[in-house]
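Residue numbers (numbering that gives the first Met the number 0), protein chains in the order written: chain A, 0 to 100; chain B, 0 to 100; chain C, 0 to 100.
Ideal Cβ positions, reconstructed from N, Cα and C, are used throughout, including at glycine.
The structure presented is a predicted model; accordingly, all values stated were derived computationally and were not measured.
Working notes, structure below.
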Amino acid sequence: MCFIYVPHATAAVTINENADPNITKDIIKAINKIVPEHDNYLHDSIDNNAAAHIKSTLIGVSTAIPISSGHLQLGTWQDIFLCEFDGPRSHRKVIVEIIKK
Amino acid sequence: MCFIYVPHATAAVTINENADPNITKDIIKAINKIVPEHDNYLHDSIDNNAAAHIKSTLIGVSTAIPISSGHLQLGTWQDIFLCEFDGPRSHRKVIVEIIKK
Amino acid sequence: MCFIYVPHATAAVTINENADPNITKDIIKAINKIVPEHDNYLHDSIDNNAAAHIKSTLIGVSTAIPISSGHLQLGTWQDIFLCEFDGPRSHRKVIVEIIKK
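Written as structure tokens, this is what we have:
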């Protein structure tokens, strides 16, 4: 199993289709509707990025993909995406670990 | 640990209650409100299933359940559900791996 | 890897910032807007907590954190939260397992 972890509170990781680049645009637009910016969030008075924190919790900071014969068993239409909800940033860290069956 | 992975971009996996079948109906209805069909998604012009992709990212394509003495440690009210957001399909694949503590 | 599992259908686990306690308040308020209480859910006629079940599926009942040299590799702004959507309860169980790289 390939375990992927994003050690950030305003980012996330998801798996979805990469073939049509419009899918990521649709996902970003949908998440922005589900979690509107500056919706009277208390944290915005400190750091102005509360929506990014909420999106991180909704999508999640970890995922995992099975491995077989040394290859990620992603589906035909799957790819792995880092979700940046409070960028652009010059640095984001992603931790990847391989875990034995 | 029992690791469950759905290698699809318009499906997902979740854990919730199975005792009252109305819960899954409530969940489906709620997700359909959170992610409305055909909400001016760009991908709909190609494949008409953008909402299914967005739902897959919201719910997630993997989960895991602890194992003790060979038994899944699901809670009393928990069961595992494949979420089909773009069906019905004749085939969907689910990958299950057992990972040692 | 530290694997965390919540064996309940009306709770969840998430990772987010703990430094500003307003973030958890913002997250709770946002989730309550995304999943309104008593929105004609069928399950409410039996147990009156359908919204809690839906929230559990949205946030998820498991997560995992990498471990290095015996320490959780949480990001600077990350902490682990049990999400109680149907409380207060006198008891909630959380299962934690350590899994080798």
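*Which residues in chain C sit within 7 Å of A/T56, going by Cβ to Cβ distance?*
As a working mapping, residue 56 of chain A is identified with position 57 in the first sequence. Result: T13, N15, I26, I58.
*asked:* Using beta carbons (cut-off 9 Å, strictly below), is C/F2 in contact with chain B?
replied: To locate residue 2 of chain C, count along the third sequence from 1; it is residue 3. Cβ-Cβ to chain B under 9 Å: yes for C/F2.
*Would you list the residues sitting across from A/L71 in a DSSP beta bridge?*
For this step, residue 71 of chain A is matched to residue 72 along the first sequence. In DSSP, A/L71 forms a bridge with A/I66.
_Out of B/K24, B/T23, B/P6, which one is the CA nearest neighbour of A/Q72?_
By 1-based counting over the first sequence, the position of residue 72 of chain A is 73. Measuring from the Cα of A/Q72, the nearest candidate turns out to be B/P6.
*Sufficient close CB pairs (3 or more, under 8 Å) joining the segment 41 to 53 of chain C to the segment 1 to 19 of chain C*: yes
*My guess is that A/V34 and A/I79 are in contact by the Cβ rule of under 8 Å, so how many angstroms apart are they, rounded?*
Taking the first residue of the first sequence as position 1, residue 34 of chain A is located at position 35. Taking the first residue of the first sequence as position 1, residue 79 of chain A is located at position 80. That belief does not hold up - the Cβ atoms of A/V34 and A/I79 are roughly 22 Å apart, past 8 Å.
_Check this for me: beta carbons of C/I94 and C/M0, under 9 Å apart or not?_
Within the third sequence, the letter at position 95 stands for residue 94 of chain C. Within the third sequence, the letter at position 1 stands for residue 0 of chain C. In this structure, C/M0 does not lie closer than 9 Å to C/I94 by Cβ.
*What are the start and end residues of the alpha helix (DSSP H) that includes A/A49?*
The residue you call residue 49 of chain A lines up with position 50 of the first sequence. That run of the alpha helix (DSSP H) goes 49 to 58.
*Inter-residue CB distance, C/S61 and C/I22 (contact presumed, cutoff 8 Å)*: Reading the third sequence from its first residue, position 62 is the one you call residue 61 of chain C. Reading the third sequence from its first residue, position 23 is the one you call residue 22 of chain C. About 21 Å; that fails the 8 Å criterion.
_B/T56 burial status per 10 Å Cβ neighbour count (16 or more: buried)_ = Working through the second sequence from its first residue, we reach residue 56 of chain B at position 57. That one is buried.
*Secondary structure of B/I27, DSSP reduced to three states*: For the purposes of this step, residue 27 of chain B is taken as residue 28 along the second sequence, with counting starting at 1. If DSSP states are grouped into helix, strand and coil, B/I27 belongs with the helices.
*Name the one or two DSSP bridge partners that B/T13 has.*
Numbered from its first residue, the second sequence carries residue 13 of chain B at position 14. For B/T13, which the question treats as bridged, DSSP gives the partners B/F80.
*For C/G59, which of C/S44, C/S67, C/I45, C/L81 has the nearest alpha-carbon?*
Translated into the one-based positions of the third sequence, residue 59 of chain C becomes position 60. If we check each option's Cα against that of C/G59, C/L81 comes out closest.
*Taking buried to mean at least 16 other C-beta atoms within 10 Å of its own C-beta, is C/H37 buried or exposed?*
Residue numbering aside, residue 37 of chain C sits at position 38 when the third sequence is read from its first letter. It is exposed - the Cβ of C/H37 has fewer than 16 other Cβ atoms within 10 Å.
*Give the DSSP-derived three-state secondary structure of A/I22 in the structure shown.*
Start at 1 with the first residue of the first sequence, and residue 22 of chain A comes out as number 23. Reduced to three states, the DSSP call for A/I22 is helix.
*Since C/I3 is in the beta strand (DSSP E), which residue starts that stretch and which ends it?*
Within the third sequence, residue 3 of chain C is the residue found at index 4, counting from 1. Counting along the chain, the beta strand (DSSP E) containing C/I3 begins and ends at 1 to 4.
*asked:* Do C/K92 and A/Y40 have their beta-carbon atoms positioned less than 9 Å apart in this structure?
replied: As a working mapping, residue 40 of chain A is identified with position 41 in the first sequence. As a working mapping, residue 92 of chain C is identified with position 93 in the third sequence. Contact: no.
*Along chain B, which residues have their Cβ under 7 Å away from the Cβ of C/E96?*
As a first step, residue 96 of chain C must be located in the third sequence, where it is residue number 97. Near C/E96 (Cβ distances below 7 Å), the residues of chain B are M0, P65, K100.
*Do B/H70 and A/D19 come within 9 Å of each other at the CB atom, strictly closer than that value?*
Counting from one through the first sequence, the residue named residue 19 of chain A turns up at place 20. Counting from one through the second sequence, the residue named residue 70 of chain B turns up at place 71. In this structure, B/H70 does not lie closer than 9 Å to A/D19 by Cβ.
*Collapsed DSSP secondary structure at B/I97 in the structure displayed*: Residue 97 of chain B sits at position 98 when you count from the first residue of the second sequence. Looking at B/I97 - three-state DSSP - the assignment turns out to be strand.
_Using 8 Å for Cβ pairs, my map puts A/D85 next to A/N48. What's the rounded Cβ distance?_
Translated into the one-based positions of the first sequence, residue 85 of chain A becomes position 86. Translated into the one-based positions of the first sequence, residue 48 of chain A becomes position 49. About 5 Å; that satisfies the 8 Å criterion.
*Would you list the one or two residues that DSSP bridges to A/S89?*
As a working mapping, residue 89 of chain A is identified with position 90 in the first sequence. Answer is none; A/S89 lacks a bridge partner.
_Per-residue contacts from C/L41 into chain B (C-beta, under 7 Å)_ = Taking the third sequence and counting its residues from 1, one reaches residue 41 of chain C at position 42. N21, K24, D25, listed in chain order.
*What residues in the segment 74 to 92 of chain B bring their beta carbon closer than 7 Å to a beta carbon of chain C?*
G74, W76, Q77
*From the beta carbon of C/A8, is the nearest beta carbon of chain B less than 9 Å away?*
Position 9 of the third sequence, counted from the first residue, corresponds to residue 8 of chain C. With 9 Å as the cut-off, C/A8 counts as an interface residue toward chain B.
*For a contact meaning CB atoms closer than 9 Å, what does C/H37 contact in chain B?*
Locating residue 37 of chain C in the third sequence gives position 38, where the first residue counts as 1. Residues of chain B passing the Cβ test: none, with the nearest at roughly 11 Å.
*Can the beta-carbon of C/N15 be found closer than 9 Å to that of C/I26?*
Translated into the one-based positions of the third sequence, residue 15 of chain C becomes position 16. Translated into the one-based positions of the third sequence, residue 26 of chain C becomes position 27. Their beta carbons are under 9 Å apart, which means C/N15 touches C/I26 by this criterion.
*Could you name the residues of the same chain whose beta carbon sits closer than 6 Å to that of A/S89, not counting the 5 residues immediately before and after it, in chain order?*
The sequence position of residue 89 of chain A within the first sequence is 90, counting from 1. If we look at A/S89 and ignore the five residues flanking it on each side, it has no Cβ neighbours.
*Contact set for A/Q77: own chain, Cβ-Cβ below 6 Å, skip 5 residues either direction*: On the first sequence, position 78 is the one that residue 77 of chain A refers to. Counting only Cβ-Cβ distances below 6 Å, and skipping sequence neighbours, we find I14.
*Measuring CB to CB, does B/K24 end up less than 9 Å from C/E96?*
The residue given as residue 24 of chain B occupies position 25 in the second sequence. The residue given as residue 96 of chain C occupies position 97 in the third sequence. Going by C-beta atoms, B/K24 is not nearer than 9 Å to C/E96.
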